[in-house]
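*Asks:* Take this structure first; my questions come after.
2 protein chains.
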Amino acid sequence: MAVAEPVRVGVVGLGTVGSGVVRLLVESADHIERHAGRPIVVARAAVKDLAKARSVEVPGGHLSADWRDVSRDPAISVAALLVGGLEPARTIMIDLLEHGKDVVTANKALLAEHGPELFELARRRGRSIAFEAAVAGGIPIVAAIGECLAANRIESIRGILNGTSNFIVTRMEEDGADYAHVLRLAQQKGYAEADPAMDVDGTDATQKLAILAHLAFGAWVPWAEIPRTGIDGLDLDLITYAGELGYRIRLVAVAGRSDGRLAMRVAPALVKRGTPLAETRGAYNAVSIVGDAVGRMFFHGLGAGQMPTASAVVADIIDTVVGRAAITFRTTGVLSADTPAARIAGVDMQERHFLRIRAQDRPGVLARITGILGEHGISIASMIQHDAGAADGTVPLVIMTHPCGSTAIRKALDHIDASDVVSGRSVCLSVLDE
Amino acid sequence: MAVAEPVRVGVVGLGTVGSGVVRLLVESADHIERHAGRPIVVARAAVKDLAKARSVEVPGGHLSADWRDVSRDPAISVAALLVGGLEPARTIMIDLLEHGKDVVTANKALLAEHGPELFELARRRGRSIAFEAAVAGGIPIVAAIGECLAANRIESIRGILNGTSNFIVTRMEEDGADYAHVLRLAQQKGYAEADPAMDVDGTDATQKLAILAHLAFGAWVPWAEIPRTGIDGLDLDLITYAGELGYRIRLVAVAGRSDGRLAMRVAPALVKRGTPLAETRGAYNAVSIVGDAVGRMFFHGLGAGQMPTASAVVADIIDTVVGRAAITFRTTGVLSADTPAARIAGVDMQERHFLRIRAQDRPGVLARITGILGEHGISIASMIQHDAGAADGTVPLVIMTHPCGSTAIRKALDHIDASDVVSGRSVCLSVLDE
Chain A
1 MAVAEPVRVG VVGLGTVGSG VVRLLVESAD HIERHAGRPI VVARAAVKDL AKARSVEVPG
61 GHLSADWRDV SRDPAISVAA LLVGGLEPAR TIMIDLLEHG KDVVTANKAL LAEHGPELFE
121 LARRRGRSIA FEAAVAGGIP IVAAIGECLA ANRIESIRGI LNGTSNFIVT RMEEDGADYA
181 HVLRLAQQKG YAEADPAMDV DGTDATQKLA ILAHLAFGAW VPWAEIPRTG IDGLDLDLIT
241 YAGELGYRIR LVAVAGRSDG RLAMRVAPAL VKRGTPLAET RGAYNAVSIV GDAVGRMFFH
301 GLGAGQMPTA SAVVADIIDT VVGRAAITFR TTGVLSADTP AARIAGVDMQ ERHFLRIRAQ
361 DRPGVLARIT GILGEHGISI ASMIQHDAGA ADGTVPLVIM THPCGSTAIR KALDHIDASD
421 VVSGRSVCLS VLDE
Chain B
435 MAVAEPVRVG VVGLGTVGSG VVRLLVESAD HIERHAGRPI VVARAAVKDL AKARSVEVPG
495 GHLSADWRDV SRDPAISVAA LLVGGLEPAR TIMIDLLEHG KDVVTANKAL LAEHGPELFE
555 LARRRGRSIA FEAAVAGGIP IVAAIGECLA ANRIESIRGI LNGTSNFIVT RMEEDGADYA
615 HVLRLAQQKG YAEADPAMDV DGTDATQKLA ILAHLAFGAW VPWAEIPRTG IDGLDLDLIT
675 YAGELGYRIR LVAVAGRSDG RLAMRVAPAL VKRGTPLAET RGAYNAVSIV GDAVGRMFFH
735 GLGAGQMPTA SAVVADIIDT VVGRAAITFR TTGVLSADTP AARIAGVDMQ ERHFLRIRAQ
795 DRPGVLARIT GILGEHGISI ASMIQHDAGA ADGTVPLVIM THPCGSTAIR KALDHIDASD
855 VVSGRSVCLS VLDE
C-alpha cells in the first residue's frame with residue numbers, strides 16, 4: 001500500500017489537554033495512522049510561555065510563543081485550539097479559520113459564548129469546527145446526538161456534565177464531610193481549580209448543556225438564559241435527608257420538550273438510588289438521552305482529565321483528516337443562519353419536589369406550612385420532621401411533594417419564607433425518579 | 435435553500451425491523467431530511483410474501499415480491515438489507531453490491547459468517563456496508579469503537595449483547611422463577627422467538643462479539659472458534675447463590691488483550707451488584723469498553739426491538755447518504771485483505787471463579803475437594819456449604835476462588851468431577867468484580 005502524505009497538525013496551547021493530545025499523537029502514531037489512512041504529525045505547537053517546563057516534547061522542537069506561527073503555516077491544515085477561556089481563544093479561532101485551518105477544540109465556554117459567530121465564519125470559509133471534547137470529555141456524546149441518533153426526535157437529555165461538582169457531592173455523601181472540606185480535598189487532588197467558581201456554580205455544566213441542547217433540539221439558547229444553580233449552596237444535611245429517602249443528590253443538567261417548548265436548567269436534584277445517574281460517582285460524567293425511536297440511551301465515562309479529553313480531541317482530528325467532520329459540520333447545520341432562537345423563560349416542568357424548610361419549633365407551624373402548600377395546589381407525598389433542632393429554635397422539615405409545576409412551588413415557598421414560622425430560605429430540589 | 439434531489443432507498447425485508455425502518459423514514463421524513471441535507475424516500479420494498487398483512491404501508495405502493503426489483507432499480511442508490519439468517523440474505527447482499535448499491539444491514543449472523551467475503555466484494559465495487567444495527571441495536575457501539583474511540587488502543591470489551599438472554603436471567607432473579615417458566619414468558623411477550631436456540635445458547639452474542647472485537651482489535655476471529663456457553667444451562671439455585679454473595683448472573687461477552695494475545699468468550703458470569711453491567715436489566719444491552727486514553731466507557735440502551743434497531747438502521751442510511759459511511763468503510767479497513775487472522779485458543783484469563791459442586795454428604799469429602807483445588811494451585815477465597823441436601827444425597831458446595839487461570843480451574847474441576855465424592859458436573863462461572 002502506498003504511504004499517503006502525512007497531515008500536518010498544529011496545536012495551540014500545551015496545558016493539560018494540549019500536552020495529552022501531543023502525547024497521544026506521538027505515542028499512538030501507528031495506531032492513529034491506521035484509522036486516518038495516513039500519518040498525522042504534530043507540525044507545530046504554540047504556547048504562551050516558552051520558558052515553562054512541560055511534560056511533553058513537541059516533535060522536531062517546533063515550539064513557538066506565537067500562535068500566528070500555526071495559523072500562518074500553509075502546510076498545516078488542521079489546528080487543535082486547546083486554550084481555555086474566551087480571549088485570546090476567540091481571536092485565535094477566528095485567525096485559524098481565516099487562514100484556512102479546520103479547527104478542533106475542547107473549549108466549551110468559547111462555543112457557548114461565541115458559537116454563532118464562529119460557526120458562521122467557519123461555514124463562510126468552507127472550514128469545519130469539531131468539538132467532541134467540549135462536552136463530557138471522553139464520552140462521544142456530540143457524535144451520538146449529531147450522528148448516531150440522527151433518526152430520532154430527541155425528547156429529553158439529562159446529564160452529569162461537571163466532574164468537579166460530581167466529585168464533591170459524591171465525597172460529601174460517602175465521607176459525610178461538609179462542602180468546604182471536600183472542596184479543599186478536590187483542589188489538592190487536582191479535581192478542582194484554585195478558583196472553582198465556574199465548576200461549582202453550575203456555569204460549566206450550563207455551557208455544555210447549551211451545546212448539547214442545540215445539537216439535540218436545533219435551537220440555540222444563550223447559556224446565560226438557562227436557569228442555573230450550583231452545588232455551592234448544598235449542605236451535608238440535605239445529602240443526608242435525601243439519602244434517608246432513598247435518593248442521592250447530583251448536579252443534573254436537564255433539557256426537554258414540555259408543551260412544545262424547550263425546558264432547560266442546571267441544578268442539584270434528588271436522583272433515585274440505583275438509577276444510572278445516581279450511581280455516577282466521582283469525576284465521572286454521564287448522559288441519559290431519550291429519543292422517540294431508540295428509547296432511553298445512557299452513556300457513562302470520564303468527563304475530564306488529560307487523556308480522556310485528548311481521546312476526544314484526537315478522534316476529532318482523525319474525523320477532520322478523513323473528511324467526516326466536514327460532512328457532519330455541513331449537514332447538521334450547527335448554528336446555521338436557520339437556527340431558531342429559543343425562548344425558555346416561564347416553561348413549567350411538572351415534577352416531584354424535595355423541600356427543606358427550617359420551621360419554628362412551636363404549635364401550629366406545621367399546619368401553617370402545609371396550609372400554604374395546599375393553597376398553591378401542592379400535594380404532599382411524604383414528610384419527615386427531624387427531632388434535632390438548631391440553635392436558632394428551628395427544626396428541619398423535609399417534604400416530598402407529588403408532581404407539581406415549578407412556578408407553583410416557587411410561589412408557595414416565597415410565601416412560606418416570607419412568613420414568621422420559618423427561618424432563612426427554604427431549599428427546593430427537583431426529584432428524578434427514573 | 436435549494437431543495438436537493440431526494441435519495442431513493444430500497445428496503446429488502448419488511449419484518450419487524452424493516453417495517454420500523456419504513457415507518458421511521460416516512461413519519462420522521464422532515465427531521466431526517468434536515469440531518470441528511472436532502473430528502474430520503476423509500477422507493478421500493480421487497481418482501482417474501484406479498485399477501486401477508488403488514489403494519490406499515492410502503493409509499494406509492496412500490497412493494498415487490500422479488501428483491502431483484504430493488505437491486506435492478508438504477509434509481510436506488512442505498513439498500514437496507516433487513517432479512518435475517520444466512521440465505522438468501524448472502525445472495526441478496528452480493529447482488530445489491532454487484533448492482534452498485536451501498537448496503538445497510540442489521541444481520542449480524544450474515545456478517546459474522548460471511549463478513550470477509552462481503553466486505554471484500556464491497557471494497558472491490560467501491561461500495562460501503564454499514565452495520566450499526568447488527569450489534570446492540572440502538573446503542574451506537576459500532577460508531578463508538580470505529581470512530582469516536584479511534585485514538586485509543588482498546589484494552590477490553592465486556593458486553594451484554596443478547597436481550598433475550600438478559601430478559602430471562604433478570605426475570606429468573608427477580609421473580610425467583612425457573613428457566614423453563616421464564617423462557618415461556620419471554621416467548622409470550624415476544625422477547626424470545628419460537629425457536630430461541632440462537633439466543634439462549636450464546637450464538638447471537640458470540641456473533642456480535644466477533645464483529646465488535648474485529649472493530650476494536652483489528653483481528654478477525656471466526657465466531658464459531660470463540661468459546662461459548664449460553665444461559666440454557668442455568669438453574670435458579672445458581673442465581674440465588676450468586677445473589678447471596680452480592681452478585682448477579684449475566685450472559686457476558688468478553689474480549690481483551692492478555693499477554694499480547696486476544697482472549698474472548700461468551701458465558702454466564704457473576705457480576706458484582708451495583709456495577710453497570712450487573713444493573714443492566716430486562717431486554718437492555720450494555721457495553722463497557724476500556725481504552726488506553728479514554729479509560730472505561732459504558733453504554734446502555736435497548737439492544738433489540740423494532741424502533742431501537744430501526745433508529746440504528748436509519749442513522750446508517752443517513753451516514754451513507756451524506757458520505758460518512760463510505761469514508762468510514764474505507765479508512766477503518768473493516769475486514770480488508772490486511773486483516774490478521776487471530777488465534778484465541780489456549781489463552782488463559784486470570785480471574786476469580788465461582789464454583790458450584792454437588793458434594794456427597796459424608797465425612798472427608800470437603801477435605802478431598804479442597805485438596806484437589808490446592809493441588810492445582812487454586813486458592814479459595816470463600817465457601818458456603820448449603821444445608822439443604824438434594825434427594826441424591828448431595829449438598830451444594832459454593833466456592834469463590836482467588837484469581838486463577840481458566841485452564842487450571844478446568845483441570846481441577848475435571849479431576850473433581852471424575853472423583854467419587856461428587857455427583858454430576860460442577861458449574862464454574864467467571865467472576866467480574868468491576
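Chains as they are written, first to last, in our numbering: chain A, 1 to 434; chain B, 435 to 868.
For glycine and all other residues, C-beta sits at the position ideal for the given N, C-alpha and C.
All figures in this text were calculated on a predicted structure; none of them were measured in a lab.
For Met817/B, collect the residues of the same chain with a Cβ closer than 6 angstroms to its Cβ; drop the 5 residues on either side in sequence, then sort them by chain order.
*Replies:* Ile833
*Asks:* Expressed to the nearest angstrom, what Euclidean distance is found between the alpha-carbon atoms of Val634/B and Ser599/B?
*Replies:* 6 angstroms
*Asks:* Is the CB of Ser28/A under 8 angstroms away from at least one CB in chain B?
*Replies:* Yes, because at least one Cβ of chain B sits closer than 8 angstroms to the Cβ of Ser28/A.
*Asks:* DSSP has Tyr675/B in a bridge; who is on the other side?
*Replies:* None; Tyr675/B has no bridge partner.
*Asks:* So Ala514/B and Val455/B are supposed to be a Cβ contact under 8 angstroms. How far apart are they, rounded?
*Replies:* Indeed they touch by this definition, with Cβ atoms about 6 angstroms apart.
*Asks:* Specify the secondary structure class of Lys706/B as computed by DSSP and reduced to three states.
*Replies:* strand
*Asks:* Give me the subset of the stretch 217-238 of chain A whose CB atoms are less than 9 angstroms from a CB atom of chain B, sorted by chain position.
*Replies:* Gly218
*Asks:* Which residue comes first and which comes last in the beta strand (DSSP E) that contains Leu831/B?
*Replies:* Thr828 to Thr835
*Asks:* When you compare the CB positions of Val705/B and Leu595/B, do they come within less than 8 angstroms of one another, or not?
*Replies:* no
*Asks:* Going by the CB atoms, is the gap between Ala703/B and Ser864/B shorter than 8 angstroms?
*Replies:* yes
*Asks:* Which partner residues of Ala480/B appear in the DSSP bridge assignment?
*Replies:* Val446/B and Ser498/B
*Asks:* Can you have a look at Thr525/B and say buried or exposed, based on whether 16 or more other CB atoms are within 10 angstroms of its CB?
*Replies:* Exposed, by the Cβ-count rule.
*Asks:* So, are the CB atoms of His99/A and Ser71/A less than 8 angstroms apart?
*Replies:* yes
*Asks:* Should Gly610/B be flagged as near chain A, meaning a C-beta pair shorter than 8 angstroms?
*Replies:* no
*Asks:* In the stretch 539-561 of chain B, which residues sit with their C-beta less than 9 angstroms from some C-beta in chain A, listed in chain order?
*Replies:* none
*Asks:* Below 8 angstroms between beta carbons is the criterion; list the residues of the stretch 28-42 of chain A that meet it against any residue of chain B, in chain order.
*Replies:* Listed by position along the chain: Ser28, His31, Ile32, Arg34, His35, Ala36 and Gly37.
*Asks:* My output table needs one value for Glu467/B: the three-state DSSP class, helix, strand or coil.
*Replies:* It is helical.
*Asks:* Drop a sphere of 10 angstroms on the beta-carbon of Lys542/B, count the other beta-carbons inside from all chains shown, and report buried for 16 or more, exposed for fewer.
*Replies:* buried
*Asks:* Roughly how many angstroms separate the alpha carbons of Trp220/A and Gly839/B, rounded to a whole number?
*Replies:* 55 angstroms
*Asks:* Taking the beta strand (DSSP E) that Ala514/B falls in, what are its first and last residues?
*Replies:* Ile510 to Leu515
*Asks:* Let me make sure I understand the geometry here. Which of Asp693/B, Gly708/B and Val755/B has the alpha-carbon closest to that of Gly677/B?
*Replies:* Here the closest residue by C-alpha is Gly708/B.
*Asks:* Using only the alpha-carbon positions, how far apart do Glu174/A and Ala197/A sit?
*Replies:* 23 angstroms
*Asks:* Can you round the beta-carbon distance between Ala46/A and Ser28/A to whole angstroms, since I take them to be within the 8 angstroms contact cut?
*Replies:* Wrong, their Cβ atoms sit about 22 angstroms apart, outside the cutoff.
*Asks:* Going along the chain, which residues of the stretch 88-104 of chain A sit with their C-beta nearer than 9 angstroms to a C-beta in chain B?
*Replies:* none
*Asks:* Measuring alpha carbon to alpha carbon, tell me which residue in Ala278/A, Asp361/A and Ile318/A is nearest Arg38/A.
*Replies:* The shortest C-alpha separation from Arg38/A is found at Ile318/A.
*Asks:* Are the Cβ atoms of Val724/B and Ile803/B separated by less than 8 angstroms?
*Replies:* no
*Asks:* With three or more C-beta pairs closer than 8 angstroms as the rule, is the stretch 725-744 of chain B touching the stretch 303-321 of chain A?
*Replies:* yes
*Asks:* Note down, in chain order, every chain A residue with its Cβ under 7 angstroms from the Cβ of Leu484/B.
*Replies:* Neighbours of Leu484/B on chain A: none; closest Cβ ~27 angstroms, over 7 angstroms.
*Asks:* Can you find a C-beta in chain A that's less than 8 angstroms from the C-beta of His734/B?
*Replies:* yes
*Asks:* If you follow the beta strand (DSSP E) that Ile154/A is part of, which residue opens it and which one closes it?
*Replies:* Ile154 to Ile160
*Asks:* So, for His548/B: in the same chain, excluding its five sequence neighbours on each side, which residues have a beta-carbon less than 6 angstroms away from its beta-carbon?
*Replies:* Within the same chain, His548/B has close Cβ partners Arg524.
*Asks:* For a contact defined as C-beta to C-beta under 8 angstroms, what are the partners of Thr841/B on chain A?
*Replies:* By Cβ distance, chain A contributes nothing, its closest Cβ being about 31 angstroms from Thr841/B, past 8 angstroms.
*Asks:* Could you pull the start and end residues of the alpha helix (DSSP H) that Asn600/B belongs to?
*Replies:* DSSP places Asn600/B inside the alpha helix (DSSP H), whose first and last residues are Gly597 to Asp609.
*Asks:* Considering only the alpha carbon of each residue, which of Ala712/B, Ile778/B, Glu566/B and Val829/B lies closest to Pro656/B?
*Replies:* Ile778/B
*Asks:* Closest Cβ-Cβ distance between Thr331/A and chain B: below 8 angstroms?
*Replies:* Yes, contact with chain B.
*Asks:* Which same chain residues, not among the five before or five after Thr442/A, have their C-beta less than 6 angstroms away from its C-beta?
*Replies:* Because chain A spans 1 through 434 in this model, residue 442/A falls outside it and cannot be assessed.
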